[in-house]
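The block underneath contains the structure these notes are about, expressed in structure tokens.
Protein chains in written order, with the working numbering: chain A, 4 to 363; chain B, 3 to 312.
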């Protein structure tokens with residue numbers, strides 16, 4: 004009979020093959036899903052994965068959205084991956100994203116209508132600090148009271164949502180907004196408008212920062228002692244302890260970094276694509292980034308590719324919504340399936356299928 | 003400010019109703035965790051239960067058939083998790099997260115045509131003399147049957163875990179799966195059973211939310227209830243009776259802040275809406291601060307991967 008046998012060593016070929024395999028299986032199963040909804044599966048898959056690049060009328064706009072959508076996903080996922088590799092599960096990036104946008108946005112609004120190129124960098128720092136502060140709550144509670152960081156960081160997402168609602172109906176409400184629950188527009192003032200670097204691919208300044216930080220994260224994880232200690236803690240907490248790694252510092256550093264990056268992503272979103280703070284501002288990037296982090300194998304380069312792929316499903320999903328009437332929810336099912344299948348086929352990284360006679 | 007509008011009896015009744023979905027999900031998760039498996043997909047299974055229960059109730063006109071369907075749907079989703087974690091040895095934290103993300107999307111997709119509908123109403127208990135008693139009658143004797151079911155379920159789980167051979171085996175698997183395996187128990191099968199039970203409970207909790215508590219279907223309606231159920235299992239230190247305390251405490255905070263919002267006491271509704279989540283964090287901190295007590299009841303094999311090599 005067929006059985007799984009542990010490999011002597013994790014297969015590095017499989018580590019890179021399984022994400023591709025997972026995407027392929029998702030396409031097939033997604034096709035079945037679309038067929039069950041009465042849509043042409045081949046047409047739907049083509050629209051989602053090819054039309055954003057090649058469609059004559061929608062193509063140019065879709066391509067310009069690619070990096071706009073991938074940027075925040077890559078930035079958040081890079082931060083999350085550092086924590087995941089240490090076995091620190093920050094799943095509240097969505098909340099840190101919101102708090103970063105609020106903190107950075109508040110600085111911008113306080114300075115309104117200041118001119119100068121120093122405004123946006125200042126807001127970015129405030130955004131990163133806001134996200135970091137929010138992530139330090141689960142970190143502090145974990146270190147001091149041994150409280151589960153998964154549940155605390157997740158609870159804080161709902162607190163952040165409500166805090167956003169309180170802010171846009173209270174202190175941060177636009178005085179010229181006719182009473183609507185939203186802040187002033189950040190894009191209508193040059194000093195708080197995130198500049199676009201390369202329009203056709205949607206490379207705004209935030210995307211450039213994200214890519215720079217991906218490289219920095221790679222260097223830290225692969226070439227720096229701290230990165231080694233983070234990886235060691237994740238792979239063997241006991242060995243890390245004997246090697247003199249302080250687990251409290253690892254928890255604080257990994258949660259702090261991931262919170263800062265998520266907060267920064269929130270600030271870039273609000274000063275660029277979103278334009279202002281509203282209650283509809285968070286669209287779930289913080290959760291989708293978890294899928295991106297895993298699909299990218301918790302590796303900076305993989306995360307860039309996975310972020311682009313996930314951005315593609317968002318953009319292609321919108322096109323499929325327009326032309327085939329496939330609801331947006333089907334796309335989140337599609338994204339969820341991707342993580343599912345990845346985790347399922349990942350078994351082949353550490354195990355191999357062997358044919359063995361039953362021993363009686 | 004007029005606090006006289008707050009009627010303690012009706013507050014009590016709504017507290018119990020608010021606590022029940024979480025209690026149902028939490029008691030299922032407790033059994034799962036006692037068997038040594040951490041399923042973080044409670045939120046996903048709950049919302050699938052919410053839409054499955056709602057849709058089937060609307061189609062059949064019978065809320066009980068809907069609740070059965072919700073249990074079935076929750077169990078199916080849980081078995082996917084079980085297959086992946088028990089047979090494919092996938093990471094339980096990541097798989098649970100995937101289950102939640104997938105469940106939220108799937109429920110939104112299935113629920114498209116059910117938004118804004120009214121479900122068939124769930125009948126309430128009406129015991130001649132008892133239900134008509136003042137105060138006690140409303141608080142104790144005139145609920146819908148599911149409330150009594152949830153308490154009975156907690157009792158049953160307590161009895162099973164602490165007074166039966168099956169419960170002992172399940173706990174043994176959760177404490178040390180290698181030892182249980184060498185004694186000849188089928189670790190994977192026992193865990194799959196526990197996982198399916200947990201899924202059915204979460205699904206039922208979700209259906210209670212969409213059929214009785216709200217009662218309506220809206221996208222993302224669980225709003226973290228599944229996560230709170232997970233927190234309550236920690237709060238209860240894996241003891242069934244304390245689940246009731248945790249769930250009712252949470253229900254109380256929820257109802258109190260909702261009523262304060264309705265009264266308009268000058269605090270923004272947004273700040274009041276934060277309180278259930280903040281209280282959940284605070285009680286988790288209090289429980290986990292005492293490391294010795296927190297770890298005493300935690301199943302020793304919780305979240306660890308089991309692979310029988312022989």
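For every residue, glycine included, the Cβ atom is placed at its ideal position computed from N, Cα and C.
Bear in mind the structure is a predicted one, so any value in this text is a computation, not a measurement.
- Straight through space, the alpha carbons of residue 270(A) and residue 113(B) are spaced by roughly 33 Å.
- Neighbours of residue 150(A) in chain B, taken as residues whose beta carbon is under 7 Å from its own, are 286, 287 and 290 in chain order.
- For residue 171(B), same chain residues with a beta-carbon under 8 Å away, outside a window of 5 residues either side, are 182, 187 and 192 in chain order.
- Per the coordinates, the alpha-carbon of residue 70(B) lies some 7 Å from the alpha-carbon of residue 55(B).
- For residue 224(B), the nearest beta carbon of chain A is not closer than 8 Å to its own beta carbon.
- Taking all protein chains shown into account, residue 4(A) has fewer than 16 neighbouring C-beta atoms within 10 Å of its C-beta and is therefore exposed.
- The beta carbon of residue 61(A) sits no closer than 8 Å to any beta carbon of chain B.
- In this structure, the CA atom of residue 231(A) is about 12 Å from the CA atom of residue 242(A).
- A Cβ-Cβ separation of about 6 Å places residue 144(A) in contact with residue 287(B) under the 8 Å criterion.
- Annotation: residue 200(A) is outside any alpha helix (DSSP H); the continuous beta strand (DSSP E) that includes it extends over 199-201.
- Under the 10 Å beta carbon count, residue 332(A) is surrounded by 16 or more other beta carbons and is classified as buried.
- Shortest Cα-Cα distance from residue 93(A) to any of 81(B), 96(B), 91(B) and 90(B) involves 96(B).
- Relative to the Cα of residue 149(A), the nearest Cα in the group 277(B), 304(B) and 289(B) belongs to 289(B).
- Under a 10 Å Cβ-count criterion, residue 337(A) is classified as buried, with 16 or more other Cβ atoms of the shown protein chains found around its own Cβ.
- At a cut-off of 8 Å between beta carbons, residue 104(B) contacts chain A.
- Residues of chain A with a Cβ closer than 8 Å to the Cβ of residue 236(B) are, in chain order, 151 and 154.
- For residue 5(A), the enclosing beta strand (DSSP E) stretches over residues 5-9.
- With a threshold of 16 other beta carbon atoms within 10 Å, residue 193(A) falls short and is exposed.
- The three-state secondary structure of residue 185(A), taken from DSSP, is strand.
- Taking 8 Å as the upper bound for CB-CB distance, residue 17(B) and residue 261(B) are not in contact here, some 10 Å apart.
- For residue 107(B), a Cβ of chain A is located within less than 8 Å of the residue's own Cβ.
- The stretch 295-357 of chain A contains no complete beta strand (DSSP E) run of 3 or more residues.
- Judged by beta-carbon spacing, residue 22(B) lies beyond the 8 Å limit of residue 150(B), meaning their Cβ atoms are not closer than that value.
- Taking each of 194(B), 221(B), 279(B) and 79(B) in turn and checking the Cα distance to residue 206(B), the smallest one comes out for 79(B).
- Using a Cβ distance threshold of 8 Å, residue 81(A) and residue 264(A) count as a contacting pair.
- By the neighbour-count criterion, in which a residue is buried when 16 or more other Cβ atoms sit within 10 angstroms of its Cβ, residue 342(A) is buried.
- Taken residue by residue, none of the stretch 175-187 of chain B has a beta-carbon sitting less than 8 Å from a beta-carbon on chain A.
- With at least 16 other beta carbons inside 10 angstroms of its own, residue 164(A) counts as buried.
- Neighbours of residue 86(B) across chain A, judged by C-beta separation under 7 Å: 346 and 347.
- Residue contact check for residue 95(B) against chain A: a CB pair falls below 8 Å.
- Neighbours of residue 157(A) across chain B, judged by C-beta separation under 8 Å: 226 and 229.
- In the DSSP assignment, residue 231(A) falls within the alpha helix (DSSP H) that extends over 228-238.
- Less than 8 Å divides the Cβ of residue 231(B) from the Cβ of residue 28(B).
- When the five nearest sequence neighbours on each side are left out, the beta carbons in the same chain lying within less than 6 Å of the beta carbon of residue 78(A) are those of 213, 264 and 268, in order along the chain.
- Non-local C-beta neighbours of residue 240(B) in its own chain, meaning closer than 8 Å and more than five positions away in sequence, comprise 32, 35, 36, 299, 300 and 301, ordered along the chain.
- The beta carbon of residue 217(B) is closer than 7 Å to those of 121 in its chain, skipping five residues each way along the sequence.
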